[in-house]
Amino acid sequence: MTKFQTLVFTLFLMLASNTVFAQDSTRYEVYDVIYLKDNRVLKGQILSYDSQFGGISFKDIYGRVYNFSRDQYSYFKEKQNFPIKVKSKKQKVIFDRKNKGLRYSLGFNTSYFYGLEKSDNADLNSRKDTQGMAIGVSGSIGKYFTRTHFLGLNAEIGLLTNNHQLYNLGVRYNYEYDKRQSNVAKYIPIEIKYQHMFLQNSGLDYIETTPNSSYIGRYYPTTEFSTVFLSVGHGFGFILKQGGSFNIELAYQRHFTLGQKFYDLKPQNEASYNPKFSQVNGFRLGFSFSF
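Residue numbers for the sequence shown follow numbering that gives the first Met the number 0, beginning at 0 and rising by one.
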């Protein structure tokens with residue numbers, strides 16, 4: 000036998016041994032099977048068998064128990080192997096996230112604001128408060144400096160507010176911290192912005208006098224605010240196939256009052272009414288598309 004023939008023979012033996020000793024990775028279930036004369040085939044377990052008359056007590060895979068006479072079935076087989084069907088896992092597609100060039104966002108926010116008068120008086124019942132809600136449209140433009148860091152400008156205009164208009168403008172920073180192993184981005188949005196808004200104050204009592212009578216009424220003045228606020232929150236960005244995202248954010252705002260002015264005061268309160276709303280808290284729920 001030549002060296003070439005020896006090499007070919009050795010390779011043949013190796014392939015043959017791999018074929019013979021290869022293990023079947025398929026998993027099986029073992030059932031008894033009974034073939035009925037009405038063309039049904041049942042899998043399960045034979046509980047008892049009468050060898051004299053051919054009667055069978057049989058429990059199927061759903062736990063139901065049958066008693067068959069010999070004339071009801073054609074034949075049966077014991078301990079038959081049935082391969083277990085394993086559902087193949089569909090490979091999840093992870094969409095690419097946009098991290099180059101300018102990025103734009105457009106959406107709307109629902110905000111709630113609440114301020115409490117700064118006072119040395121510990122009695123909260125005597126302190127005046129101010130509050131309001133707004134639904135506004137927001138937009139931003141910015142750029143990613145690596146996928147983790149985003150910096151840009153953001154502005155918002157109120158469309159539905161309690162009192163008059165609302166608008167703000169400022170700087171926005173996003174810190175994206177997830178591992179990019181899914182199509183949901185997790186990030187922390189931080190904003191520093193200037194805001195102009197009107198909020199409704201707690202009610203004031205007043206006395207209305209007529210020639211024949213007088214009565215006590217209640218009215219609600221408003222405060223015009225100019226503030227600078229710091230906003231910190233958390234957001235989820237659902238990545239789209241095209242690389243953009245649909246975003247949901249919840250944020251807390253701390254407003255620092257730059258100036259305030261009161262409107263709709265009755266003449267009797269104009270001189271005495273002067274609460275100091277030095278800080279206003281805000282909460283924002285936002286929805287937006289980024290592209």
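No residue lacks a Cβ here, since even glycine has one placed at the ideal position from N, Cα and C. Computed from a prediction, not measured in an experiment: that's the story for all the values here.
Asked, Found
"Leu41 beta carbon near the ligand FMN (any heavy atom closer than 6 Å)", "Although the ligand FMN was asked about, the structure shown includes no ligands whatsoever."
"Strand pairing of Ser271, partner residues [DSSP]", "Partner(s): none; Ser271 has no beta bridge."
"Nearest-angstrom beta carbon gap, Lys97 and Gly243 [assumed within contact, 8 Å]", "7 Å"
"Identity of the residues DSSP links to Thr222 by a beta bridge", "Leu198, Phe261"
"The beta strand (DSSP E) enclosing Val92, as first and last residue numbers", "Premise fails: Val92 is in no beta strand (DSSP E) and is neither H nor E."
"CB-CB length for Tyr103 against Thr147, believed under 8 Å", "So it is not a contact: roughly 19 Å between Cβ atoms."
"Length at least 4, wholly inside the stretch 30-97: the alpha helix (DSSP H) runs in chain order", "none"
"Paired residues, beta bridge with Thr25 - DSSP", "Per DSSP, none; premise fails for Thr25."
"Beta-carbon proximity list for Phe67, same chain, < 6 Å, skipping 5 on both sides", "Ile55"
"Lys91 vs Ser277 beta-carbon contact at 7 Å", "no"
"Ser230 vs Gly106 beta-carbon contact at 7 Å", "no"
"Entirely enclosed beta strand (DSSP E) segments - the stretch 102-143, minimum 3 residues", "none"
"Sub-7 Å separation of Pro188 and Gly234 beta-carbons", "yes"
"Assigned secondary structure, Pro188 (DSSP; H/G/I helix, E/B strand, else coil)", "strand"
"Buried versus exposed, by CB contacts within 10 Å (16 or more), Ala270", "exposed"
"Under 7 Å between C-beta atoms of Ile33 and Leu41", "yes"
"Closest by C-alpha distance to Ile215, when choosing among Pro82, Arg179, Gly202, Ile156", "Gly202"
"Best match in Asp37, Tyr272, Ser289 for proximity to Ile238 [C-alpha to C-alpha]", "Ser289"
"Pick from Thr109, Tyr176, Lys275 that is closest to Leu165, judged by C-alpha positions", "Thr109"
"Minimum Cβ-Cβ distance from Asn268 to chain B less than 7 Å", "Protein chains in the displayed structure number just one, and chain B is not present."
"Boundaries (first-last residue) of the beta strand (DSSP E) holding Asp177", "Where Asp177 is concerned, there is no enclosing beta strand (DSSP E), given that its DSSP letter is neither H nor E."
"Under 7 Å between C-beta atoms of Leu198 and Phe282", "no"
"Range covered by the beta strand (DSSP E) that runs through Asn312", "This structure cannot speak to residue 312, because the chain is shown only from 0 to 290."
"Cβ-based neighbour list, Ser225, same chain, cut-off 7 Å, excluding 5 preceding and 5 following", "His195, Leu257, Gly258"
"Identity of the residues DSSP links to Phe237 by a beta bridge", "Val183, Phe245"
"Arg126 versus Asp204: straight-line alpha-carbon distance, rounded", "14 Å"
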